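The opening residue of the sequence shown carries number 1 in my numbering; numbering runs sequentially from there.
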Amino acid sequence: MKFGSLEHDSTQPIEITSEQLDVDQAAGTVLFTGDVFATQGNLRLQAEEITVFYADDSAEGNRIDRVEADGSVVLVLNEEAAEGDFGVYRVADGVVEMSGNVLLTQGPGTVAGDKLVVNLGTGIGRMEGRVRTVLRPEGTSR
1 MKFGSLEHDS TQPIEITSEQ LDVDQAAGTV LFTGDVFATQ GNLRLQAEEI
51 TVFYADDSAE GNRIDRVEAD GSVVLVLNEE AAEGDFGVYR VADGVVEMSG
101 NVLLTQGPGT VAGDKLVVNL GTGIGRMEGR VRTVLRPEGT SR
């Protein structure tokens, strides 16, 4: 499955806003809670809470390994959006995994399933778990 406009540059900085911030330096995590928004270039992520995990192998201790989003997760990239209960963004390889009542919207079309995996660098992805969609021939509105 090709997600046309989901191609993204994962080397850009990530900006996060929230109501609260909790840092656990020993665990290498930062927890953002309350109306959390994260942006990286043209990628926008919204959730009830977002946890940033830093890589253990980083000499400087500030390389982000992954970002986990929990609760009413919405990922928007250009004109496409994905919604789900939980999401993981593996920053190094630019892969997003969403699970739990996943709905992908691309223009007028939607695809629903249990799990979505998308490589943001290539735009190639896969929906799993009783996938449901409606295919419309070009030129039809219903």
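Glycine included, each C-beta is placed from N, C-alpha and C at the ideal position. Nothing here was measured: the structure is a model prediction, and the numbers come from that model.
Asked	Found
Straight-line gap, Val23 to Ala38 (C-alpha atoms, nearest Å)	17 Å
Leu75 in three-state terms, based on DSSP	strand
Supposed contact pair Gly71 and Glu49 - C-beta distance, whole angstroms, cut 8 Å	6 Å
Val134 burial status per 10 Å Cβ neighbour count (16 or more: buried)	exposed
Selection from Asp85, Leu31, Gln106 that minimises the alpha carbon distance to Leu77	Gln106
Segments of 3+ residues assigned as beta strand (DSSP E) that fall wholly inside the stretch 9-73	15-17, 20-24, 29-40, 43-54
Pick from Asn101, Phe32, Val102 that is closest to Glu68, judged by C-alpha positions	Phe32
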